[in-house]
Amino acid sequence: MGAFDDVLGMVSCPACGSRYDRCGFQTKLFEPNDHERPGGTFEIGGAPIRVHLSVEHFEERAGREGWDDDWIALAPWQRGTPLVIIAEDQAFYCSCAAFVVPELRFDLGAEGDHTNVRLIGIEAELLSREDTLAGVHFSELIPPGLVPIAERSQWAKTLKDGTPEERRRILAAKYREHAILPLVSAPRTPSAGGSDFLSAPMRCRACGDRRTRFCHTSLFQDPEAPSYAEWVAGEVIPVPIPTGSTRLYHAKRPVLLGERFGVLEASCHRFCACGAGPVVPLLWFAAGPESVTLIEMEALDHVDDETLWRVSFVHVEHLSSPRRSSP
Numbered sequence: 172m173g174a175f176d177d178v179l180g181m182v183s184c185p186a187c188g189s190r191y192d193r194c195g196f197q198t199k200l201f202e203p204n205d206h207e208r209p210g211g212t213f214e215i216g217g218a219p220i221r222v223h224l225s226v227e228h229f230e231e232r233a234g235r236e237g238w239d240d241d242w243i244a245l246a247p248w249q250r251g252t253p254l255v256i257i258a259e260d261q262a263f264y265c266s267c268a269a270f271v272v273p274e275l276r277f278d279l280g281a282e283g284d285h286t287n288v289r290l291i292g293i294e295a296e297l298l299s300r301e302d303t304l305a306g307v308h309f310s311e312l313i314p315p316g317l318v319p320i321a322e323r324s325q326w327a328k329t330l331k332d333g334t335p336e337e338r339r340r341i342l343a344a345k346y347r348e349h350a351i352l353p354l355v356s357a358p359r360t361p362s363a364g365g366s367d368f369l370s371a372p373m374r375c376r377a378c379g380d381r382r383t384r385f386c387h388t389s390l391f392q393d394p395e396a397p398s399y400a401e402w403v404a405g406e407v408i409p410v411p412i413p414t415g416s417t418r419l420y421h422a423k424r425p426v427l428l429g430e431r432f433g434v435l436e437a438s439c440h441r442f443c444a445c446g447a448g449p450v451v452p453l454l455w456f457a458a459g460p461e462s463v464t465l466i467e468m469e470a471l472d473h474v475d476d477e478t479l480w481r482v483s484f485v486h487v488e489h490l491s492s493p494r495r496s497s498p
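The sequence shown runs 172 to 498 under the numbering used here.
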């Protein structure tokens, strides 16, 4: 199947400025047919990676057809200019609910059939306009998060058969559908292995910025009957409150009826626009009889012993990852 290259870097949400450490990109754009070369690691300022790639062949493919059924050409690429690609399979929703897609820029230096490739930039786009895609040379052929499996074959064929302009129009229409994640509540419905989707004002403890954000929690999931809910601050949600530690959460102190309790959630490598981070979501709930009400959320730039003493539950999978500091 050939080698995969890793891409390391950080992207900022164009809508709110929050920054994300998106380690773990992978791409086969430069090695579609090489079964021997091990994967390399791209990072800005890092050493170039030498790949077996005919630039002449690359120029011929750019702008006209997909590559190895993994990528689709959206605009012609010219030698001596940065190569711009969209890593659609690394797209994600920011905590402000904007749909963010990483845009990677590479520099290709040709030496016969070998090319030195350097990563020179990582940006992020809200790809909901065709003109935003005009300067992009390649995109994922089949966006897995946007196109249902049953529709992918026909959708991919339509992209392949279209002109670059038609491809940009089709992609932009799909991105528009997903541009913003609606922060609304919905009835609790079964979903195996699901987690609860929470929307509430979140305050950054470092800078004081307060705006509506979303987060997830699995604290109220019953392993025997997993369920899923979307809910916002102020709603009373009938859920069982764990009485002790669970598979994912460690109980720090008991939950008292009528009082508020804190849940320290897993960090998703999110950084506040002020530069604080990686921030850790702290969720505050009011405890009712067999129900909870989401009050507010905080973004912590560090976790101290006092915070750990105050909260009732800590996500044990990430207990060691937040930066600890003592008061």
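Even glycine gets a Cβ: it sits at the ideal position worked out from N, Cα and C.
Span of the beta strand (DSSP E), counted from its first residue to its last, around residue i
{"i": "residue 455", "result": "451-459"}
{"i": "residue 213", "result": "212-214"}
{"i": "residue 418", "result": "Looking at the DSSP string, residue 418 is not in any beta strand (DSSP E), and its letter there is neither H nor E."}
{"i": "residue 434", "result": "431-435"}
{"i": "residue 375", "result": "367-375"}
{"i": "residue 444", "result": "Note, residue 444: premise wrong, no beta strand (DSSP E); not H, not E."}
{"i": "residue 254", "result": "254-257"}
{"i": "residue 242", "result": "242-244"}
Three-state class that DSSP yields for residue i in the structure shown
{"i": "residue 463", "result": "strand"}
{"i": "residue 279", "result": "strand"}
{"i": "residue 380", "result": "coil"}
{"i": "residue 481", "result": "helix"}
{"i": "residue 390", "result": "coil"}
{"i": "residue 274", "result": "strand"}
{"i": "residue 410", "result": "coil"}
{"i": "residue 486", "result": "strand"}
{"i": "residue 475", "result": "strand"}
Residue span of the alpha helix (DSSP H) that contains residue i, given as start and end
{"i": "residue 339", "result": "335-348"}
{"i": "residue 301", "result": "301-304"}
{"i": "residue 321", "result": "320-332"}
Which residues DSSP lists as bridging residue i, in chain order
{"i": "residue 221", "result": "287"}
{"i": "residue 183", "result": "190"}
{"i": "residue 266", "result": "BP columns for residue 266 are empty, so no partner."}
{"i": "residue 198", "result": "176"}
Beta-carbon gap between residue i and residue j smaller than 8 Å
{"i": "residue 210", "j": "residue 175", "result": "yes"}
{"i": "residue 350", "j": "residue 187", "result": "no"}
{"i": "residue 297", "j": "residue 178", "result": "no"}
{"i": "residue 463", "j": "residue 412", "result": "yes"}
{"i": "residue 276", "j": "residue 255", "result": "yes"}
{"i": "residue 243", "j": "residue 292", "result": "no"}
8 Å Cβ cutoff, residue i in contact with chain C
{"i": "residue 486", "result": "Among the chains of the structure shown, chain C does not appear; only one protein chain is present."}
With 16 other Cβ atoms within 10 Å as the buried cut-off, status of residue i
{"i": "residue 407", "result": "exposed"}
{"i": "residue 172", "result": "Low local confidence applies: a pLDDT of 47 at residue 172 is under 50, so the model's placement there is unreliable, with the coordinate-based value given in what follows. Its Cβ having fewer than 16 others within 10 Å, residue 172 is exposed."}
{"i": "residue 248", "result": "buried"}
{"i": "residue 321", "result": "exposed"}
{"i": "residue 246", "result": "buried"}
{"i": "residue 344", "result": "exposed"}
{"i": "residue 148", "result": "In this structure the chain extends from 172 to 498, so residue 148 is not present and cannot be described."}
{"i": "residue 478", "result": "buried"}
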